[in-house]
Amino acid sequence: MKKTFYLLFFGLLVGATSCKDDFLDRYPQTSIAPEAFFNTEEDLALYVNGLLSLPGTGSYLNDQNTDNAATTGAVEVKTIMTGTPTAQNITGGWTWERLRNINYFLDNYRKANVTPAVRNHYAGLARYYRAEFYFEKVKRYSDVPWYSGSLNPDDPDLYKPRDPRTMVVDSVMADLAFAAANVREEVPTGTPGKWAAKLLQARVALYEGTYRKYHDELNLQTTANGFLETAAAVSAEIMASKKFSIYSTGKPNEDYAALFSSQNLLTNPEVILTNAYDVDKKRNGGVNSTVFGDYEQAPARDLVQTYLMKDGSYFSGQTGYQQFGFVKEFQNRDPRLMQTVAYPGWVRQPDAQPYIQRLNKNFTGYHQLKGYINSTNNIIVNGADFPVYRYAEALLIYAEAQAELGKLTQADLDQSVNLLRKRAGLPNLDLAKANATPDPFMVSKYPNLSGANRGVLLEIRRERRVEFAFENSRYDDLMRWKAGKLLTNIPEGMYFPGLGKYDLTGDGVEDIILIDKSASIPTEERKEKNALGVTLIYYRAGSSTDDVTVYLKNGTNGGTMVTETTPRKFDDPKYYYRPIPQQQVLLNPALKQIFGW
C-alpha cells in the first residue's frame, strides 16, 4: 500500500464515541507501524503535507454570523440568540480527530534519519497545525483539555478535566514560536512557510491580548499586554522583512478587487499564503451561486454605512444619511465599497446593461461582489485563488496592538493603516485628529472603548471591518472586543421613503416601482415603461406581516428593508462561549460546563 494512501487513515477520535474500546486505537489495521515509516525526509514530508488544510473561497460566505450580512440560513449564533440553547442542542465543534493526526506525527518524527534542521522544519509545521487547531477550540470553549501526544485506549487522560485557558494558550504560543523559528521560508506552493507561521503567531497574540483586556469575566486583564507586545513585535518583524507589500498598480478602483478575483495569487506581493484553485487539477473554488446576495446571505446596510467618504470624512457626517437611497449612498465613497458590494451601474456578465438589484423577501437588496467572479466562463469562475493570509493583516495587527498598548505614533500609522488607505486613494489617517473627533457612528458601537486612543482605535476597527469584509474575520473581532451585543441588531437593507418609482442604476431613470400591497402587478403588456422604453420591475411593498415581496420598516410609509423580525438576545458573557456537548459530559464527568452553560 502506498504511503500517501495510508496516511489518510491516521485520524482517530478522542472522546467522540460512547464506546471506550472504539476510540483511540493506536493506529488502524490498514496502516503500517510507525517504525516502518518515519525514517526519511520523504516520509516526514508525505505525512505533514497530508495535514494541509487551508481556508478557501467558502470563507466569503462566513460573515453570515456577523453584523456584515443578513442571512436566511440556520447560523449557529443567530439560532442561539433567537432560541433556547443548551448543551443538548449545541453539539458541534467537539471533534478531535485532527489533533490525533498531528500528535501522532509529533510522537514519531524524531525517528527519522535527518538533520536537526530538517526534523525541526517538519515538527514546526505540525506544531503550527496544532496551534491552529487549539486556537479554534479556545475561541469556542475557552478552557479545553490539552493533549501534547496521542493517547492509548486505556490512557487516564482521556477522562481529564478542562485545562485552564492560560495553560492552553501558552502552549499554543509555544507551538507558534517554535514554528516561526524553524519552518523554512521556501516551501511547496500553497503550503505554510515561515511567514505564514509568523502571521498566525501575530494573529493569535492580538486575539488573546484584546480578549483578555476586554473580557473581565476571565480576570486576566493583567496578562493582556504581554500578548499585545508579542503581536506588535511579530507583525513588525514581518514588516521589517520587506518580503511583502500592499498590492497596488495605482488604480484605486480596481486594485483591491483584484485580490479576490485573480487566477494567480502565487506571485502577488501582498499574499503570504495562497489557496490555489485550478480546474485542470480538479480544484474548483467558485461560489458565484451562493455569494452574490440572493441565496441565504446579503450585505447589511450597517456595513455599507461604515465606509468613509472618498475625502476621508465620516459618512455619518452627511446630513440625512440615514435616509439616503441606494444610489446616493454609493456616491463619493471609499472605493473599496464598490469593490465589495455591487454598486449602481455595475454590469453583470454577460449582460450589456447595468444590473438592477433584485429585491427578495428577507434580503437587503445589496449584493456581494467580493468572492463573486464576474464571468460566464466556468474555468475562470472556479479557478480564482483565495488569499489565506494577506500582508494587510500584519499591518493592521501592528497598528491595533500599538494603539492598545498606548504606543501608537503617526509614523506607525503611516507604515501600516495609511498604506491601505493609499491603495484606496483615501487621505491618511491622522492620529491627533482621530482622537480629537471620533465618529459618533463608531462610538455608539463600542461603548466599552475608552482612553486617549479611543478615536484612533475606532478607526483601526473600521479599517479592519472594511478591509476584511466577507473574509471571515468580523466574528472573531466582535468576540475579542466584547462587542457581541452588536449581533442583536437585526441587519437592515436599502432605504425607500415609500411607494413609487426608483432608480437603482444611477442614470437618473427609474428602474423599479413599489406598489401597494393591495394592488395587483399588471400583466407584462400593461406594465409601465421608463424614459428609455424599458419595462419597470414591479414589487408589492408593505410591512413584514403583509403578503408582499418587499418588507419595509414602516410598511407603505417606507423605511429600510426588513430582513427578519424575531428579537435577538445576547447573554453576556455566556454567549461568547459554547457548551461542551452533553453527550461528552456524560462520557467524561470531569468535563464541567462554564459561564452559565
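Take the sequence shown: its position 343, counting from 1, is numbered 343 in my numbering, and each next residue is one higher.
Even glycine gets a Cβ: it sits at the ideal position worked out from N, Cα and C.
With 16 other Cβ atoms within 10 Å as the buried cut-off, status of residue i
i: residue 181; result: exposed
i: residue 84; result: exposed
i: residue 418; result: buried
i: residue 26; result: Note that residue 26 has pLDDT 41, beneath the 50 cutoff, so the model's placement of it is unreliable and the number below is only indicative. With fewer than 16 Cβ atoms within 10 Å of its Cβ, residue 26 is classed as exposed.
i: residue 592; result: exposed
i: residue 563; result: buried
i: residue 2; result: Note on residue 2: pLDDT 29, under 50, position unreliable in the model; the coordinate value appears next. Flag for residue 2 reads exposed.
i: residue 21; result: The predicted position of residue 21 is uncertain, since its pLDDT is 32 and thus under 50; a value taken from the coordinates is nonetheless stated next. Answer is exposed; the Cβ neighbour count stays below 16.
i: residue 347; result: exposed
i: residue 442; result: buried
i: residue 34; result: buried
i: residue 395; result: buried
i: residue 12; result: In this prediction, residue 12 scores a pLDDT of 30, lower than 50, which makes its location untrustworthy; the coordinate-derived value is nonetheless stated afterwards. Classification of residue 12: buried, given that the 10 Å Cβ count is 16 or more.
i: residue 560; result: buried
i: residue 482; result: buried
i: residue 240; result: exposed
i: residue 248; result: buried
i: residue 243; result: exposed
i: residue 188; result: exposed
i: residue 402; result: buried
i: residue 331; result: exposed
i: residue 435; result: buried
Contact check, residue i vs residue j, beta carbons under 8 Å
i: residue 366; j: residue 337; result: no
i: residue 205; j: residue 179; result: no
i: residue 423; j: residue 246; result: yes
i: residue 334; j: residue 466; result: yes
i: residue 359; j: residue 340; result: no
i: residue 382; j: residue 279; result: yes
i: residue 439; j: residue 314; result: yes
i: residue 99; j: residue 131; result: no
i: residue 199; j: residue 102; result: no
i: residue 511; j: residue 207; result: no
i: residue 40; j: residue 287; result: no
i: residue 486; j: residue 445; result: yes
i: residue 317; j: residue 495; result: no
i: residue 162; j: residue 145; result: yes
i: residue 223; j: residue 212; result: yes
i: residue 490; j: residue 399; result: no
i: residue 301; j: residue 364; result: yes
i: residue 192; j: residue 312; result: no
i: residue 125; j: residue 183; result: yes
i: residue 499; j: residue 535; result: no
Closest Cα partner of residue i within the set the options
i: residue 227; options: 145, 113, 202, 376; result: 202
i: residue 397; options: 56, 48, 210, 597; result: 210
i: residue 379; options: 158, 172, 284; result: 284
i: residue 140; options: 473, 70, 149, 94; result: 94
i: residue 570; options: 78, 231, 60, 63; result: 78
i: residue 90; options: 590, 589, 584, 68; result: 584
i: residue 320; options: 474, 531, 61, 497; result: 497
i: residue 594; options: 474, 129, 165; result: 165
i: residue 274; options: 589, 524, 54, 499; result: 54
i: residue 468; options: 327, 387, 401, 427; result: 387
i: residue 167; options: 184, 185, 134; result: 134
i: residue 533; options: 525, 540, 539; result: 525
i: residue 113; options: 96, 36, 86, 290; result: 36
i: residue 123; options: 433, 277, 174; result: 174
i: residue 391; options: 160, 238, 187, 118; result: 238
i: residue 588; options: 160, 552, 136, 596; result: 160
Any chain C beta carbon closer than 8 Å to residue i
i: residue 435; result: Protein chain content of the structure displayed is limited to a single chain, and chain C is not contained in it.
CB-CB length for residue i against residue j, believed under 8 Å
i: residue 516; j: residue 509; result: No, residue 516 and residue 509 are not in contact; Cβ-Cβ is about 23 Å, not under 8 Å.
i: residue 264; j: residue 385; result: 6 Å
i: residue 430; j: residue 484; result: About 31 Å; that fails the 8 Å criterion.
i: residue 88; j: residue 415; result: Contact flag wrong, Cβ pair sits at about 51 Å.
i: residue 232; j: residue 61; result: No, residue 232 and residue 61 are not in contact; Cβ-Cβ is about 32 Å, not under 8 Å.
i: residue 566; j: residue 66; result: Residue 566 to residue 66, Cβ: 17 Å. No contact.
i: residue 70; j: residue 63; result: About 10 Å separates the two Cβ atoms, so there is no contact after all.
i: residue 257; j: residue 266; result: That pair is no contact at about 18 Å.
i: residue 92; j: residue 296; result: That pair is no contact at about 18 Å.
Item to check | Complete runs of the alpha helix (DSSP H) confined to the region 534 to 590 [at least 4 residues] | outcome: Listed in chain order, the complete alpha helix (DSSP H) runs (minimum 4 residues) inside the region 534 to 590 are 582 to 587.
Next on the checklist: I'd like the ranges of any beta strand (DSSP E) spanning at least 3 consecutive residues and lying wholly in the region 354 to 438.
Outcome noted: Within the region 354 to 438, the complete beta strand (DSSP E) runs of at least 3 residues are 386 to 390.
Checklist entry - Residue ranges of each beta strand (DSSP E) run of no fewer than 3 residues wholly in the region 460 to 531, ordered along the chain? => result The qualifying runs are 492 to 496, 500 to 502, 512 to 516.
Next on the checklist: I'd like the ranges of any alpha helix (DSSP H) spanning at least 4 consecutive residues and lying wholly in the region 75 to 160.
Outcome noted: Complete alpha helix (DSSP H) runs here, min 4: 76 to 82, 97 to 108, 116 to 141.
Item to check | Runs of beta strand (DSSP E) lying entirely within the region 50 to 74, each at least 3 residues, in chain order | outcome: List check, beta strand (DSSP E) in window: 69 to 71.
Next on the checklist: Give the list of continuous beta strand (DSSP E) stretches no shorter than 3 residues that lie fully inside the region 180 to 231.
Outcome noted: Taking only runs of at least 3 residues, no beta strand (DSSP E) segment lies wholly in the region 180 to 231.
Checklist entry - Which residue spans inside the region 323 to 350 form an unbroken alpha helix (DSSP H) run of at least 4? => result Every unbroken stretch of the alpha helix (DSSP H) spanning 4 or more residues and falling wholly within the region 323 to 350 is given here in chain order: 326 to 329, 335 to 338.
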